[in-house]
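Take a look at the structure below.
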Amino acid sequence: MDSAGFSSVHGALLQALLEALPEGALVLTPDARVLAHNERAHALLQWVRPAKAQGGAVEELEGVAATTLLDAHVLHEALSEAPASVGDEAEPAHASLAVTGREGRVLRVQARHTGDAQAPWLLLMERSGDTDGPRRAREHFLRTLTEGMRGPLANVRAAIETITTYPTMEPAVEEQFKQIILEQSVTLSAHLDRTLEEYSRQLKSQRKRDVMVASDLLALLRTALQHELGFMVHTTVPEQPVRLRIDPYTLVQALVHLAGLIENAARFTELTCALRASDTAALLTLEWAEGEAITEDRLERWLTQQLPLEVSVVTTTVQEVLDWHQAAVAILPLEGRGTALQVQLPCL
Amino acid sequence: MATYVLIVDDEPSIAMSLEFIMEKQGYETQVVGDGAEALQRIEKAPPDVVLLDVMLPTYDGFEVCRRIREREEWADLKVLMVTAKGREEDVKRGLALGANGYVTKPFAIKDVVAKVEGLLT
């Protein structure tokens, strides 16, 4: 992989810098073609040139239009929303968006303007849900958790082993060791609660929403519903692209969780996901034709249940996720066609 | 003369267990919870073995170990570091400063007993 368009020294330097980045990186030409990239970008995009691919072999990315690799509409918007700002004191212009990559992976993409005439754009890509902030928070959480547990756990273990190894010790001494076990167990519990609370606070403060086209969200939702719940899902999308500002990773998990609770109660086997748009809102409906009715009270209880997020020990509720997206949900009877869960999301 | 083990740990719970276990092995023991105080005790009566925690007030365990190894007359004194710092670099640092062994909390009693016996033979 060379960095065509640069001198060999600059090309080698650019390549070294790209490889040092934790994110997948694409450097684009003015007409948005790939000028240089790092190995992580290759792995994230899993790029196979459709016409030439032999047995699914991954090919080089140089010269490929970025709009072929990532959603054309959203990318165009990102590039036009972040104009050149070279020479400004301000932070370089950038736009943040979420796109669906190959195999349904959601990628968070930051488009940054470099100010260079030959290579005006740098795209930084991470898998949504595995971005740098949460990763650092997770590492800090694990380190704090383990380091803080070692001391009290050592005290508990030593006391238990002492009592069991020397069962004939004086009752007063045995009582002292039992007291240690009790006190240190309380310390352990408090440490666990405190560390989890801190981790939860950190993760919530780092959550981000990115621009995503609604059809991508719908495709993600369909895949997740079919995979997680195992029933048929039909989708309907509007002709006009609708753009949302969402955290697809969290929102899809919340909606799949909610759909699972409804399916468990209503016992349907097929679901239709439809998306309609008005000027200010996108209406996402999950419609089913069979099964018992779902009351608003029941929905209310489900919304406030704890939501087990994938790869996270932090708990939240569907309602919290919806509130964060400024979304509203309702159960609607569909005359002669069953019932629908309607999710209203503000669109851009 | 009985073997003398100095336990240096500012956590009374673990110190109590270590003291009890060492006494059951027939060793004489003293417990201190501070790095500077540990050095004073060693000065007065050098032990055969020091069970040395790392996280200590005044001087930490690494510093105590370093100061012990500066003194030629304490060359035979055995230092077993007993600590919650389980990272490889901490283990290496302790051994590089002259510790004779390392036990990471939480530990098994029989392991500590075996390590102390190993240092004394």
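Heads up: the sequence lines are chains A and B, in that order.
Using this note's numbering, the first residue of the first sequence is number 7, and each one after it goes up by one.
Using this note's numbering, the first residue of the second sequence is number 1070, and each one after it goes up by one.
Every residue gets a Cβ at the ideal spot worked out from N, C-alpha and C, and that includes glycine.
Can you tell me which of the options puts its alpha carbon nearest to the alpha carbon of residue i?
{"i": "residue 1118/B", "options": "1174/B, 1110/B and 1127/B", "result": "1110/B"}
{"i": "residue 3/A", "options": "27/A, 256/A and 247/A", "result": "Coverage of chain A is limited to positions 7 through 354, which leaves residue 3/A absent and any answer about it impossible."}
{"i": "residue 47/A", "options": "38/A, 144/A and 33/A", "result": "33/A"}
{"i": "residue 141/A", "options": "154/A, 16/A and 213/A", "result": "213/A"}
{"i": "residue 246/A", "options": "353/A, 23/A, 124/A and 134/A", "result": "353/A"}
{"i": "residue 1057/B", "options": "1189/B, 1096/B and 1149/B", "result": "Any property of residue 1057/B remains undetermined from this structure, which presents chain B solely from 1070 to 1190."}
{"i": "residue 172/A", "options": "1082/B, 1081/B, 1073/B and 1094/B", "result": "1094/B"}
{"i": "residue 271/A", "options": "258/A, 299/A, 52/A and 68/A", "result": "299/A"}
{"i": "residue 1079/B", "options": "1187/B, 1143/B and 1128/B", "result": "1128/B"}
{"i": "residue 71/A", "options": "38/A, 49/A and 178/A", "result": "38/A"}
{"i": "residue 139/A", "options": "205/A, 190/A and 183/A", "result": "205/A"}
{"i": "residue 158/A", "options": "143/A, 179/A and 189/A", "result": "189/A"}
{"i": "residue 122/A", "options": "149/A, 41/A and 178/A", "result": "41/A"}
{"i": "residue 1062/B", "options": "1178/B, 1077/B, 1151/B and 1070/B", "result": "The structure shown has nothing for residue 1062/B, since chain B only spans 1070 to 1190."}
{"i": "residue 192/A", "options": "175/A, 210/A, 155/A and 222/A", "result": "155/A"}
{"i": "residue 147/A", "options": "125/A, 209/A, 186/A and 187/A", "result": "209/A"}
{"i": "residue 1159/B", "options": "1104/B, 1173/B and 1184/B", "result": "1173/B"}
{"i": "residue 35/A", "options": "126/A, 75/A, 76/A and 117/A", "result": "126/A"}
{"i": "residue 260/A", "options": "238/A, 234/A and 285/A", "result": "234/A"}
{"i": "residue 151/A", "options": "309/A, 196/A, 223/A and 284/A", "result": "196/A"}
{"i": "residue 104/A", "options": "153/A, 85/A, 120/A and 134/A", "result": "134/A"}
{"i": "residue 339/A", "options": "160/A, 274/A, 301/A and 324/A", "result": "301/A"}
{"i": "residue 1145/B", "options": "1107/B, 1097/B, 1188/B and 1125/B", "result": "1188/B"}
{"i": "residue 258/A", "options": "229/A, 207/A, 269/A and 21/A", "result": "229/A"}
{"i": "residue 222/A", "options": "117/A, 183/A and 76/A", "result": "76/A"}
{"i": "residue 343/A", "options": "294/A, 236/A, 309/A and 312/A", "result": "294/A"}
{"i": "residue 117/A", "options": "211/A, 82/A, 176/A and 143/A", "result": "82/A"}
{"i": "residue 225/A", "options": "67/A, 112/A, 180/A and 49/A", "result": "112/A"}
{"i": "residue 144/A", "options": "16/A, 207/A and 21/A", "result": "207/A"}
{"i": "residue 1123/B", "options": "1091/B, 1183/B, 1170/B and 1190/B", "result": "1170/B"}
{"i": "residue 1183/B", "options": "1081/B, 1090/B and 1082/B", "result": "1090/B"}
{"i": "residue 1156/B", "options": "232/A, 153/A, 250/A and 331/A", "result": "153/A"}
{"i": "residue 1176/B", "options": "269/A, 178/A and 161/A", "result": "161/A"}
{"i": "residue 1178/B", "options": "249/A, 163/A, 115/A and 73/A", "result": "163/A"}
Could you tell me which residues DSSP pairs with residue i in its beta bridges?
{"i": "residue 115/A", "result": "103/A and 131/A"}
{"i": "residue 353/A", "result": "250/A"}
{"i": "residue 1121/B", "result": "1077/B and 1150/B"}
{"i": "residue 39/A", "result": "71/A"}
{"i": "residue 50/A", "result": "Partner(s): none; residue 50/A has no beta bridge."}
{"i": "residue 243/A", "result": "Paired residue(s): none; residue 243/A is not in a bridge."}
{"i": "residue 31/A", "result": "130/A"}
{"i": "residue 1189/B", "result": "Answer is none; residue 1189/B lacks a bridge partner."}
{"i": "residue 348/A", "result": "291/A and 336/A"}
{"i": "residue 1058/B", "result": "Residue 1058/B is absent from the structure shown; chain B starts at 1070 and stops at 1190."}
{"i": "residue 1173/B", "result": "1152/B"}
{"i": "residue 1070/B", "result": "In the DSSP output, where bridge partners are listed per residue, residue 1070/B has none listed."}
Mind checking whether the beta-carbon of residue i lies closer than 8 Å to any heavy atom of the ligand ATP?
{"i": "residue 271/A", "result": "Judged by which ligands are present, the structure shown has none, so any question about the ligand ATP falls away."}
In the stretch 256-343 of chain A, which residue ranges form an unbroken alpha helix (DSSP H) of at least 4 residues, counting only runs that do not cross its ends?
The stretch 256-343 of chain A contains these whole alpha helix (DSSP H) runs: 302-309 and 324-330.
Please determine if the stretch 125-135 of chain A and the stretch 194-203 of chain A are in contact, where contact requires at least 3 C-beta pairs separated by less than 8 Å.
With the cut-off at 8 Å, the stretch 125-135 of chain A and the stretch 194-203 of chain A do not touch.
Complete runs of the alpha helix (DSSP H) confined to the stretch 1080-1112 of chain B [at least 4 residues]:
Complete alpha helix (DSSP H) runs here, min 4: 1081-1093.
Are the stretch 1073-1093 of chain B and the stretch 163-170 of chain A touching by the rule of at least three beta carbon pairs closer than 8 Å?
The count of Cβ pairs closer than 8 Å, one atom from the stretch 1073-1093 of chain B and one from the stretch 163-170 of chain A, reaches three, so the stretches are in contact.
Three or more beta-carbon pairs under 8 Å between the stretch 254-261 of chain A and the stretch 210-224 of chain A, yes or no?
With a cut-off of 8 Å, the stretch 210-224 of chain A and the stretch 254-261 of chain A count as touching, because enough Cβ pairs lie within range.
Would you list, in chain order, the members of the stretch 1073-1100 of chain B that have their beta-carbon closer than 9 Å to a beta-carbon of chain A?
Within the stretch 1073-1100 of chain B, the residues whose Cβ lies closer than 9 Å to some Cβ of chain A are 1080, 1081, 1082, 1083, 1085, 1086, 1087, 1089, 1090 and 1093, listed in chain order.
Identify every run of the alpha helix (DSSP H) within the stretch 142-222 of chain A, keeping only runs that are complete inside it and at least 4 residues long; order them along the chain.
When DSSP assignments are scanned along the stretch 142-222 of chain A, the uninterrupted stretches of alpha helix (DSSP H) that are 4 or more residues long and fall wholly within it turn out to be 177-212.
State whether the stretch 234-242 of chain A contacts the stretch 272-280 of chain A, with contact taken as three or more CB pairs (one from each stretch) at a distance under 8 Å.
Verdict: yes, contact present.
Below 8 Å, can you find three or more Cβ-Cβ pairs linking the stretch 297-317 of chain A to the stretch 257-272 of chain A?
Cβ pair count under 8 Å is three or more, so yes.
Do three or more CB pairs link the stretch 1162-1173 of chain B to the stretch 1131-1151 of chain B at distances below 8 Å?
Taking 8 Å as the limit for Cβ pairs, the verdict is that the stretch 1131-1151 of chain B does touch the stretch 1162-1173 of chain B.
Say whether the stretch 283-297 of chain A touches the stretch 338-348 of chain A, bearing in mind that this needs 3 or more beta-carbon pairs closer than 8 Å, one atom from each stretch.
Using a Cβ-Cβ distance cut-off of 8 Å, the stretch 283-297 of chain A and the stretch 338-348 of chain A are in contact, since at least three pairs of beta carbons, one from each stretch, lie closer than that value.
Mind listing which residues of the stretch 258-286 of chain A have their C-beta closer than 9 Å to chain B's C-betas, in chain order?
Interface annotation for the stretch 258-286 of chain A against chain B: empty, criterion Cβ-Cβ distance under 9 Å.
Can you pull out the residues from the stretch 1164-1179 of chain B whose beta carbon lies closer than 9 Å to at least one beta carbon of chain A?
Residues of the stretch 1164-1179 of chain B with a C-beta less than 9 Å from any C-beta of chain A: 1173, 1174, 1175, 1176, 1177, 1178 and 1179, listed in chain order.
Given a limit of 8 Å on CB to CB distance, which residues of the stretch 177-207 of chain A reach chain B?
Identification of residues in the stretch 177-207 of chain A having a C-beta nearer than 8 Å to some C-beta of chain B yields 179, 182, 183, 186, 189 and 190, given in sequence order.
Scan the stretch 1097-1129 of chain B for residues whose Cβ lies nearer than 9 Å to a Cβ of chain A and list them as they occur along the chain.
Cβ contacts with chain A: 1124.
Give the residues from the stretch 157-176 of chain A that approach chain B closer than 8 Å (Cβ to any Cβ), ordered along the chain.
Within the stretch 157-176 of chain A, 157, 159, 160, 161, 162, 163, 164, 165, 167, 168, 171, 172 and 175 place their CB atoms closer than 8 Å to a CB of chain B, listed in sequence order.
Please name the residues in the stretch 1139-1153 of chain B whose beta-carbon is closer than 7 Å to at least one beta-carbon of chain A, in chain order.
Within the stretch 1139-1153 of chain B, the residues whose Cβ lies closer than 7 Å to some Cβ of chain A are 1153, listed in chain order.
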